[in-house]
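Visitor: Take a look at this one; I'll ask things after.
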Amino acid sequence: MREFDLVIVGGGPAGMAAAISARENGLENIVILERDSELGGILNQCIHNGFGLHTFKEELTGPEYAERYAEKVIAMGIPYETDTMVLNISKDRVVTLLSKGRGVEDIRAKSVILAMGCRERPRGALNIPGYRPQGVYTAGTAQKLVNCEGYLPGKEVVILGSGDIGLIMARRMTLEGAHVAAVAELMPYSSGLKRNIVQCLDDYGIPLLLSHTVVDIKGKEKLEGVVIAQVDEKKAPIAGTEQFYPCDTLLLSCGLIPENELSKNCGVDIDPRTNGPLVDEGLETSIDGVFACGNVLHVHDLVDFVSEESARAGASAADFVKRGGTADSTEPVKVIPQNGVRYTVPSKIHTAELTGDVHIRFRVTGVFKDCSIVVKAGENELLRRKSRILVPSEMQDIIIRQDKLADVSEDICVEIEEV
Amino acid sequence: MYDVIIIGGGVTGCAAAAELAKYQLDVCLVEKESDVCEGTSKANSAIVHAGFDAEPDTLKAKLNVRGNAMIAELSDKLDFAFKNNGAMVLCFEEERLTDLKNLREKGEKNGVAGLEILSGDEARAREPRLSKEVKYALYAPTSGIVCPFEMTLAFAENAYANGVEFRLSTEVTAIEKNSEGWKVTTDKGEILGRYIFNCAGVYADKIAEMANAGDFRIIPRKGEYMLMDKDAGETVSHTIFQLPTKMGKGVLVTPTVHGNLLVGPTAEDIDDKENTSTTAGGFAEIRAKSALSVEGLPFGKVITGFTGLRAVGDTNDFIINEGAEGFFNAAGIESPGLTSAPAIAEMLREMLSKKTDLTPKTDHIDTREGVVHFAELSREEQNALIAKDPTYGNIVCRCETITEGEIRDAINRPLGAVTLDGVKRRTRAGMGRCQAGFCSPKTILLLAEKLGCGIGGVRKTGREEVQKDA
């Protein structure tokens, strides 16, 4: 059986950044396993620009951003195996993989980093009534067809959900010659980044219908149109507001789901709020030596944040292996999301064995204006940061200094204080 | 000139084709869609009913019980998924125990073995997630679950292997009696046959009418369903029915043979024989009614909803008769039609044997091998397969672990898939939690390669001819 210090499941931005960091932190015997034919993950189909502003201080396209990391992986001589699907990860870190060349094979890992990314919420999970014709795609599937296969699925488009991929695809389909009639969003606010609304909708005169949803899909074999209705504050369609939009394409951008089937089978505890693993400050899951980063951990809006987070996972895995694979010996304190905070990553911190400052990432539950992010351990305020506006579509990243945490033994609460 | 023309490529028509293919007969099956299993057979509860529901001495009762007894062996020989998981009918009111007892009695008259009435606690001991409101349950050990796509395809492929000719994408437009038998006019020309089997599902009344071979009506009864992720597949292990309640006819909660959880159906008589749309009201009804059986079903794990149309006749029973000289109806095949299909096929063959001598073939093939299910093989079998054909080492559908080899087989085999849905029914590619988001671009390319068309020529479903324009 082949043996590795670190097996990284997924060769997208998370997996590559984790691998580079693990190598920089002294791990030699690493392998990246990638199910696609090349490294890069979903970035390979994201041919628009806007990637890398934080990491490289310049605007790159998705493939360019991926290439920077892939080149580094190759330059550092980190082994990677493409067209390789991981079928199972056991609790004792035996990884079962499948490839044309090697068939089904078990390999043994001293540590594992989960970097499988996420998938899109499909039509069925949204319970949209109507027929099931050709012409209904998730935005990412359409992106793959347009950008990688050179095929435009339709000419008259409606988009449900204002997630970033949907917004990007509104622009993409327009540039490719299709007409995008509207983007309908169930919530009273967009789930996409502000800059994408401006650059992908406003610039092309595409209406964003907030508090609207698709209530019927027409056309038995091929999509003929959708009915869009306004919804009330309970998100129930309001009778009488229905409007028919003839279209041959309906794109869905209604949320991303971390792809944790391997994690669950391995026994990793999952946070029902993120659908990603529960992790500590080093991004270690409930299984010793198994770490998670990127969109499999929680859905990010910026790849730059994925890379940064994944580098921390890589360093933690290297540290775990160098310590001889021993588990943390102290009890962690919990990190509890409160008023206005939907979740936090991490969900626990080993305050007694910190080796650096701690990032806490989270999303808010709604739109907050002129507020403060407050982090407390009992009465002890660890951080207070004012903010003009916080929206659910933008992940927050705060850093708590190591010296502030060292003596903390009470649970840590993260909350939003409105002025 | 065929001996028999079968109209309809659903489970009834395909089972009849497989049955007739055992004899020295020239048989042709005509189907308006581009694939078999495109109507009622593809959208139903997928239950192998025990047979306690039908009124004694009806065709439904006899053919259900007979079909139930046949399916285990057929699933083995023809390679389709079947599991004998048992069923329970739940009773929520003390005073309705009589109804449950009547059901048992009816079942016993029908010849259903092993029926047993359980107390609520006994039922919950066997099925722990059942609601506290369950007072009694009728337990039916012979009930099962099946893959309706595979079952229909298995009959079709076996019939094909034994010489039945399939004319797909061929719609019957007129039927005339002539001196030798029947002339069937289709959108692809005329077909002559001595006998006709009308297995046309919700259209069986229209087909009979064309031949002046019956004045029954088929009313499509809409049934909406919700299907949940395999994560939820172990919520119950039995098929859970309900006695009718104040809310009307109940819905079932059942595992599927592939480990998902299926909830539904609603029941609404409609006019439109093509209306397979789902509705917000249907979904709401399913949620409300199923909560009686199992509280807190994880509706957040729904991966798709769909609608099937039961072909309900106006006689309260299956309509299986010789509607005109040499024209046999198998109509009104609503529930338990899937279970009964092999028995209906036997009955049709029996009726035909009274008209013409049937000579068994000496070279009949009574087995069929379906598309391999890579994920279900042992490690050794998987590696042997990859060594022989490396495309089995390439996963296309990650949710269901379906390989390129399986998809190529589904496309290339006789009566192979020509649409995305056809691939899905044969392999399960796209049937998982991402609902084809990741695999469809890859499957489209494999189909386009086989069909010799561009991406735009690959259809999700439907009856059109392959367009080679894109």
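Protein sequences appear in the order of chains A and E. Residue numbering for the first sequence follows the working numbering, starting at 1 and increasing by one per position. Residue numbering for the second sequence follows the working numbering, starting at 1001 and increasing by one per position. By construction, the Cβ of each residue, glycine as well, lies at the ideal position given by its N, Cα and C atoms. Here the structure is a predicted model, which means the values were calculated and not measured.
1) How many Å lie between Y1023/E and R1368/E at the Cα?
2) Is it the case that the region 190–197 of chain A contacts the region 97–109 of chain A, given that we only count it when at least three CB pairs across the two stretches are under 8 Å?
3) Within a Cβ cutoff of 6 Å, which residues of the same chain sit near T326/A, ignoring the five residues on either side of it in sequence?
4) Where E1133/E and T1427/E are concerned, what is the direct C-alpha to C-alpha distance, given to the nearest angstrom?
5) For Y204/A, count neighbouring C-beta atoms within 10 Å of its own C-beta (all shown protein chains included) and say buried if the count is 16 or more, exposed if not.
6) Looking at the secondary structure, which residues open and close the beta strand (DSSP E) in which A1018/E lies?
7) Which one or two residues does DSSP pair with Q134/A in a beta bridge?
8) Looking only at its own chain, which residues have a Cβ that is under 7 Å from the Cβ of C266/A, when we skip the five neighbours before and after it?
9) Verify whether the separation of the beta carbon atoms of I1218/E and A1311/E is less than 8 Å.
10) Scan the region 1407–1436 of chain E for residues whose Cβ lies nearer than 7 Å to a Cβ of chain A and list them as they occur along the chain.
11) In three-state DSSP terms, what is N127/A?
12) Where does P272/A land, buried or exposed, given buried means 16+ other C-beta within 10 angstroms?
13) By the DSSP assignment, the beta strand (DSSP E) with L97/A in it spans what residues?
14) Please state if the CB of D301/A and the CB of H359/A are separated by a distance shorter than 8 Å.
15) Taking all protein chains shown into account, do 16 or more other C-beta atoms lie within 10 angstroms of the C-beta of D1469/E, making it buried, or fewer, making it exposed?
16) Mapping the DSSP letters down to three states, classify M1347/E as helix, strand or coil.
17) Do E281/A and C293/A have their beta-carbon atoms positioned less than 8 Å apart in this structure?
18) For the region 1013–1031 of chain E against the region 1204–1213 of chain E, are there 3 or more C-beta pairs whose distance is under 8 Å?
19) In chain order, what residues of the same chain lie with their CB nearer than 6 Å to the CB of R2/A, ignoring the 5 residues before and after it?
20) Closer than 7 Å by beta-carbon distance: list the chain E residues that pair up with C83/A, in chain order.
21) Examine the Cβ distances between the region 1074–1092 of chain E and the region 1325–1336 of chain E and report whether three or more of them are shorter than 8 Å.
22) Inspect the beta-carbon positions of I1407/E and A1375/E and report whether they are closer than 8 Å.
23) Locate the alpha helix (DSSP H) running through Q402/A, then write down its first and last residues.
24) Report the three-state DSSP secondary structure of P1342/E (helix, strand or coil).
25) Report yes or no: is there a C-beta of chain A within less than 8 Å of the C-beta of T1443/E?
26) Kindly list, in the order they appear in chain E, the residues whose Cβ is closer than 9 Å to that of A125/A.
27) Does I1270/E come within less than 8 Å of chain A when only Cβ atoms are used?
28) Would the region 1243–1259 of chain E count as touching the region 1315–1335 of chain E if we require 3 or more Cβ pairs under 8 Å?
29) Determine, using beta-carbon pairs with one atom in the region 1027–1035 of chain E and one in the region 1004–1015 of chain E, whether at least three such pairs fall under 8 Å.
30) When we look at the beta-carbon of H1238/E and count the other beta-carbons within 10 Å, is it buried (16 or more) or exposed?
31) Can you list, in chain order, the residues of its chain with a C-beta nearer than 8 Å to that of R121/A? Leave out the 5 residues immediately preceding and following it.
32) Please tell me whether P1266/E and I1286/E are closer than 8 Å, where the distance is taken between their beta carbons.
33) When the cut-off is 8 Å and only beta carbons count, does R1310/E lie next to chain A?
34) Between which two residues does the beta strand (DSSP E) holding S372/A run?
35) Between the alpha carbons of S329/A and L382/A, how many angstroms are there, rounded?
36) Can you tell me whether T141/A is buried or exposed, with buried defined as 16 or more other CB within 10 angstroms of its CB?
Guide: Let me lay it out:
1) Cα-Cα distance, rounded: 17 Å.
2) no
3) Cβ neighbours of T326/A beyond the five flanking positions: none.
4) 39 Å
5) exposed
6) Careful: A1018/E lies outside any beta strand (DSSP E), inside the alpha helix (DSSP H) at 1011–1020.
7) Q134/A has K222/A as its beta-bridge partners, per DSSP.
8) I89, S90, K91, I287, V290
9) In this structure, I1218/E places its C-beta atom within 8 Å of the C-beta atom of A1311/E.
10) C1434, Q1435
11) Three-state DSSP puts N127/A in coil, outside helix and strand.
12) exposed
13) 94–99
14) The answer is no: Cβ separation not under 8 Å.
15) Note that D1469/E scores a pLDDT of 43, beneath 50, so its modelled location is shaky; the value from the coordinates is reported in the next line. D1469/E should be labelled exposed.
16) helix
17) no
18) Contact fails: fewer than three Cβ-Cβ distances are below 8 Å.
19) I107
20) For the record, residue 83/A in the displayed sequence is Asp; it is not Cys. Result: N1394.
21) no
22) no
23) 402–405
24) helix
25) no
26) D1229, G1300, K1301, V1302, I1303, T1304, R1433, Q1435
27) no
28) no
29) yes
30) buried
31) Excluding sequence neighbours, R121/A sits near T138, L252, C254, G255, L256, I257.
32) This sequence places Thr at residue 1266/E; Pro is not what is there. It is a contact, given that the beta carbons lie within the stated cut-off.
33) no
34) 368–377
35) 24 Å
36) When all chains shown are included, T141/A counts as buried.
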